[in-house]
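Everything below concerns the one structure shown next.
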Amino acid sequence: MASGQGSNFEALVRACRGGPLNAEVVQLVVNNPVCGARQRAKRLGIPCQLHDHRDHSLRQDLDRQVAASFAASDVDLVVMAGWMRIVTPVLIAAYPGRLVNIHPSLLPSFRGLDAVGQALAAGVTLTGCTAHLVEEVVDAGPILVQAAVPVLLSDNHGSLAARIQAQEHRILPYAVALAALRLDQAGAATPAIQG
Ligand code: GRF
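In my numbering, the protein residues as written are 63 to 257.
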């Protein structure tokens, strides 16, 4: 699921294609017809479904459509890779323990919008990114993987956001693999990550 540039989406696709992640990205869902993620899906040959949030007055209705798309593709796991909408219990309940989000801060610090700006405003010297399972509280839920990123004296919003994103691309495939391992109670599933 993506709303913006889709660099995390592409990182996941690349991790599956010749990278360490033993998985397949079968579908992208976007909520914005002109987002970069949609172009990337085209280039990468991944089917892309548009569910424009402006067509739905209720968040639940959007989530119902999104969940129906995933059900039709029989997906095992859903990744919110820069999905800029709050998801409702409709989607969360459809994918318990199977819905992963990436957030540009070291949670539980700086939840919500503009986590990079929040970190700069707070004057922290260390921030980063978190991949976690989605629960009903926004930017909460069990943490899967985190990466720390130092805040440099020379940083502005753009430079810090770019270094955090590079780490998001690195940790997201591992978070997907860990989520898959958690789903296997006995830990005997085919490892989703190699090497
Ligand atoms: C990422 O930084 C993610 O943490 C945030 O939105 C951004 C999406 O970037 N939620 P992209 O669309 O994957 O390039």
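Glycine residues also receive a C-beta, built at the ideal position from the N, C-alpha and C atoms.
Contact set for residue i: own chain, Cβ-Cβ below 6 Å, skip 5 residues either direction
i: A134; result: none
i: R225; result: V211
i: H231; result: A73
Rounded Cβ spacing between residue i and residue j (contact assumed at less than 8 Å)
i: H165; j: T192; result: 5 Å
i: L206; j: L169; result: About 11 Å separates the two Cβ atoms, so there is no contact after all.
i: A73; j: L234; result: 6 Å
i: L139; j: V75; result: At roughly 14 Å, the Cβ-Cβ gap does not stay under 8 Å, so L139 and V75 are not in contact.
i: I148; j: V196; result: I148 to V196, Cβ: 10 Å. No contact.
Contacts around residue i, its chain only, beta-carbon distance under 8 Å, and the 5 residues preceding and following it disregarded
i: H219; result: V178, G179 and L182
i: E198; result: P151 and I154
Delimiting residues of the beta strand (DSSP E) encompassing residue i
i: A209; result: I205 to P212
i: N162; result: Strictly speaking, residue 162 in this sequence is Val, with Asn absent from that position. Per DSSP, V162 belongs to the beta strand (DSSP E) from L161 to H165.
Same chain, Cβ closer than 7 Å to residue i, five either side skipped, listed in chain order
i: C78; result: A85, E86 and V87
i: V92; result: A64, S65, A99, R100, C110 and L112
Pair within 8 Å by beta-carbon distance, residue i and residue j
i: V137; j: Q89; result: yes
i: Q127; j: G190; result: no
i: Q227; j: S69; result: yes
i: G159; j: L243; result: no
The alpha helix (DSSP H) enclosing residue i, as first and last residue numbers
i: V87; result: Note, V87: premise wrong, no alpha helix (DSSP H); not H, not E.
i: G98; result: G98 to L106
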